[in-house]
Amino acid sequence: MSDTPLWLQISVPAFTRVGGFVLGRVTKVLDRRQERRDERANRRPRFELTHLSASGYRLQNVGDAAATEIRVDSDRYPRERLMRLPDEPFDLAENEPVDFIMSTGINMPKPAALLVRCAELPGGVHVAVP
Numbered sequence: 304m305s306d307t308p309l310w311l312q313i314s315v316p317a318f319t320r321v322g323g324f325v326l327g328r329v330t331k332v333l334d335r336r337q338e339r340r341d342e343r344a345n346r347r348p349r350f351e352l353t354h355l356s357a358s359g360y361r362l363q364n365v366g367d368a369a370a371t372e373i374r375v376d377s378d379r380y381p382r383e384r385l386m387r388l389p390d391e392p393f394d395l396a397e398n399e400p401v402d403f404i405m406s407t408g409i410n411m412p413k414p415a416a417l418l419v420r421c422a423e424l425p426g427g428v429h430v431a432v433p
């Protein structure tokens, strides 16, 4: 016969099983939280420019995350020629568009691309002008 008390012989395996069950549940919850954080970290805004009419264009966030503090620029193309854009900086939710007019002329042809910067993409991305 063992010198270990009966209550201890019964309670240690029971506590070990309960502890293992609780630890397994906590681990699963923490793993799910980490997966959600990883998914959010990989989400990015993505921009697309569409030609609507003669001078009308639509800039749309087609990515899977909102874009905040957006600034639109073109190297040599004056910002004043991009009319009806919201005051900068502005925000676009997922799949949200903004329509604007790009004024062109004989001495000012349309640019090949616009540079769109936002808080999520500080370096900016070039979006081709169709």
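Numbering (this note's numbering), first residue to last: 304 to 433.
We put the beta carbon where it would ideally sit given N, CA and C, even for glycine.
{"query": "Closer than 8 Å is the cut-off here; do at least three beta carbon pairs connect the stretch 319-331 with the stretch 352-363?", "result": "no"}
{"query": "With distances taken Cα to Cα, identify the nearest neighbour of Arg420 among Thr407, Ser314 and Asp394.", "result": "Asp394"}
{"query": "Give the straight-line distance between the Cα atoms of Leu326 and Arg340, rounded to the nearest whole angstrom.", "result": "21 Å"}
{"query": "Would DSSP call Glu351 helix, strand or coil?", "result": "strand"}
{"query": "Since I believe Val365 is in contact with Arg349 (beta carbons under 8 Å), could you give me their beta-carbon distance rounded to a whole number of angstroms?", "result": "5 Å"}
{"query": "Let me confirm a value: Leu417 is counted as buried when at least 16 other C-beta atoms fall within 10 Å, else exposed. Which label applies?", "result": "buried"}
{"query": "What does the Cβ neighbour count give for Ile313, buried or exposed, with the cut at 16 atoms within 10 Å?", "result": "exposed"}
{"query": "Return the Cβ separation of Pro414 and Val401 in integer angstroms, given the expectation that the two are a contact with Cβ distance under 8 Å.", "result": "Not confirmed; about 17 Å, so no contact."}
{"query": "Which residue's Cα is closest to the Cα of Leu424: Pro308, Trp310, Ala369 and Arg336?", "result": "Ala369"}
{"query": "Should Ala422 and Glu372 be called a contact, given that it needs their Cβ atoms to be closer than 7 Å?", "result": "yes"}
{"query": "Taking the straight line between their C-alpha atoms, what separation do you get for Ile409 and Val430?", "result": "23 Å"}
{"query": "Cβ atoms of Met405 and Leu388: under 7 Å apart, would you say?", "result": "no"}
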